[in-house]
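First the structure, in the form of structure tokens, and then the observations on it.
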Amino acid sequence: MFRAKDCEGSSFTEVRSNSTYPAAAVQACGPDVDNSHGNREYANVNWDELGFGLTPTDYMYIMKCSKEENFSPGTLTPLGNMEMSPSSGILNYAQGILEGMKAYRTEDGRILLFRPELNALRMKMGAERLCMPSPTMEQFLDAVKQTVNANKRWVPPPGKGSLYIRPLLIGSGSMLNLGTANEHTFITYVSPVGNFHKGVVNLVVGENVYRATPGGTGGIKAICNYASIYKTISEAKAKGFTDVLFLDVVTGKNIEEASTSNIFIVKGNTISTPATDGTILPGITRKSIIEIARVLGYEVEERAIPVEELFDAEEVFCTGTAVVVNFVSSITYQSKRVEYKTGVETVSRKLYNTLTGIQTGRIEDKMEWTFTLD
Ligand SMILES: *Cc1c(COP(=O)(O)O)cnc(C)c1O
2 MFRAKDCEGS
12 SFTEVRSNST
22 YPAAAVQACG
32 PDVDNSHGNR
42 EYANVNWDEL
52 GFGLTPTDYM
62 YIMKCSKEEN
72 FSPGTLTPLG
82 NMEMSPSSGI
92 LNYAQGILEG
102 MKAYRTEDGR
112 ILLFRPELNA
122 LRMKMGAERL
132 CMPSPTMEQF
142 LDAVKQTVNA
152 NKRWVPPPGK
162 GSLYIRPLLI
172 GSGSMLNLGT
182 ANEHTFITYV
192 SPVGNFHKGV
202 VNLVVGENVY
212 RATPGGTGGI
222 KAICNYASIY
232 KTISEAKAKG
242 FTDVLFLDVV
252 TGKNIEEAST
262 SNIFIVKGNT
272 ISTPATDGTI
282 LPGITRKSII
292 EIARVLGYEV
302 EERAIPVEEL
312 FDAEEVFCTG
322 TAVVVNFVSS
332 ITYQSKRVEY
342 KTGVETVSRK
352 LYNTLTGIQT
362 GRIEDKMEWT
372 FTLD
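So the sequence shown is numbered by our numbering: it starts at 2 and just counts up by one.
Structure representation (structure tokens):
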């Protein structure tokens, strides 16, 4: 596992590859699949038009656990609907955890996962909080590998996007009282997604709306955390904002995070982000950006950040698996709008280029974060 000092004094170097990606392989797609390129077999997708919507793929992975037992080995099945008792824990009480990760195809034809063991650990933490059994690390990693391998033709060509991977853990058994369901199901499905960059990101600070409370579930990827902020987000979007930046519920004075991404502010050589103390989701992108920034020589502070500091920042960016790094161009708080530097000459861009370089195999992975699928 990576420790900051392992990389002290090291820099990030581009990988020189003489194998270039054959563009013809994509154009040559037949009605369903082009089988003529062995490893480079692709599904029939217009890769240049890929957005962040759901594209159905071939297979999903399902694994079950009955009460007091461990998960039994799972299976790949064709992607499709599932049957469930109307009295299941997930349908009645939102007993469930989600995860999100990505697989990238490299220029030399490999498929890379990024720190998948951290997603496995985070699911385990969430499962404990919601009184659910969780797959072991080996089971989680094996499920993800099998699902990606079975859907390999949906992993976009290098530079065109990634395969988004969604592991779920749900209380699938029936129950009427609050408590532990007598059956839990782990599911993994995937969808190809494009490189997700909104042109301009304008955040609005949420007032009298909160995402998480101390002692609640804000620090885990609980399924119940998301529907409760739909209304706030849709109202913000109707006013032309991209997303909402939430404040802490106790003081209403410190920034926490956006709806599905962590936030960072840059001033001079210092990069600051709110400390994760239970109400903020500990993002794997957040953790990776902190580690990269330290290697690159920036001062990184994890602390309480008063909302007023937004008026003093030079750059602001958000991090998450879906967006990787989103460059924030403005934030509006109590009708005051402050604008930030974006573009190629920014600290945010440098961090983004380094992280995506490692994730896609363009930059040598000295941190040993990537995992090559076989
Ligand atoms: C998933 C998520 C993030 C980002 O986490 P990553 O591991 O970087 O994808 C941040 N905030 C919330 C609320 C999330 O659900």
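Ideal Cβ positions, reconstructed from N, Cα and C, are used throughout, including at glycine. All figures in this text were calculated on a predicted structure; none of them were measured in a lab.
Exposed unless 16 or more other CB atoms sit within 10 angstroms - verdict on residue i
i	result
PRO117	buried
LEU177	exposed
MET64	buried
GLY241	exposed
HIS198	exposed
THR261	buried
GLU315	exposed
GLY362	buried
ARG304	exposed
THR373	exposed
ASN45	exposed
GLN360	buried
TYR105	buried
LYS254	exposed
GLN96	buried
GLN335	exposed
GLY269	exposed
Reduced DSSP category for residue i - H, G, I as helix; E, B as strand; rest coil
i	result
GLU50	helix
PHE312	helix
MET83	coil
ALA29	For ALA29, the predicted model reports a pLDDT of 33, less than 50, meaning its position is unreliable; a value from the coordinates is still stated below. Note: ALA29 maps to coil in three-state DSSP.
TYR60	strand
SER289	helix
TYR22	In this predicted model, TYR22 has a pLDDT of only 36, less than 50, meaning its place in the structure is not dependable; the value taken from the coordinates is given anyway. Coil at TYR22, not helix or strand.
ASN226	helix
LEU235	Note on identity: in this sequence residue 235 is Ser, with Leu being the wrong assignment. Three-state result, SER235: helix.
ALA213	coil
VAL16	coil
VAL156	coil
ARG338	strand
LYS65	strand
GLY39	Low confidence applies here, because GLY39 scores a pLDDT of 45, under 50, leaving its location unreliable; read the following figure in that light. Helix, per DSSP.
THR280	coil
SER135	coil
LEU55	coil
VAL34	Annotation note: pLDDT 43 at VAL34 (below 50); position unreliable, coordinate value reported separately. It is a strand residue.
First through last residue of the beta strand (DSSP E) which encompasses residue i
i	result
ALA259	256–259
LEU170	163–172
TYR267	According to the sequence provided, residue 267 is Val. The question's Tyr does not apply to it. Where VAL267 is concerned, the enclosing beta strand (DSSP E) stretches over 263–268.
ASN327	325–334
VAL348	Where VAL348 is concerned, there is no enclosing beta strand (DSSP E), although the alpha helix (DSSP H) it sits in stretches over 348–360.
TYR190	184–194
PRO275	271–275
PHE247	244–248
VAL202	202–206
PHE72	Per DSSP, PHE72 belongs to no beta strand (DSSP E) and is neither H nor E.
THR371	371–373
Expected contact under 8 Å - CB spacing of residue i and residue j to nearest Å
i	j	result
MET124	PHE115	MET124 to PHE115, Cβ: 16 Å. No contact.
ILE281	ASN263	7 Å
LEU297	THR243	That belief does not hold up - the Cβ atoms of LEU297 and THR243 are roughly 27 Å apart, past 8 Å.
LEU77	GLN147	6 Å
SER289	LEU356	6 Å
PRO158	THR56	About 15 Å; that fails the 8 Å criterion.
ALA121	TYR60	Not a contact, Cβ separation roughly 20 Å.
THR218	ASN226	6 Å
GLU144	THR189	Contrary to the premise, residue 144 reads as Ala rather than Glu in this sequence. Right, the Cβ-Cβ distance comes to about 5 Å (below 8 Å), so this counts as a contact.
ARG212	PHE265	That belief does not hold up - the Cβ atoms of ARG212 and PHE265 are roughly 17 Å apart, past 8 Å.
ILE364	ALA223	No, ILE364 and ALA223 are not in contact; Cβ-Cβ is about 34 Å, not under 8 Å.
TYR184	SER67	With the sequence shown as reference, residue 184 is identified as Glu, and Tyr is not the correct amino acid for it. Yes, GLU184 and SER67 are in contact; Cβ-Cβ is about 5 Å, under 8 Å.
GLY1	GLY284	Nothing can be reported for residue 1, as the shown portion of the chain is limited to 2 through 375.
Residue i - containing alpha helix (DSSP H), residue span
i	result
PHE141	138–151
ALA128	117–130
Residue(s) in a DSSP beta bridge with residue i
i	result
TYR94	Answer is none; TYR94 lacks a bridge partner.
ARG106	ILE112
PRO307	ASN255
LEU177	Partner(s): none; LEU177 has no beta bridge.
THR343	In the DSSP output, where bridge partners are listed per residue, THR343 has none listed.
THR218	Paired residues: none, contrary to the question.
PHE318	PHE265, PHE328
VAL296	Answer is none; VAL296 lacks a bridge partner.
ILE364	GLU15
GLU302	SER273
SER89	SER175
Residue i Cβ short of 7 Å to ligand 3 heavy atom set
i	result
LYS153	Only ligand 1 can be found as ligands here, which leaves ligand 3 out of the picture.
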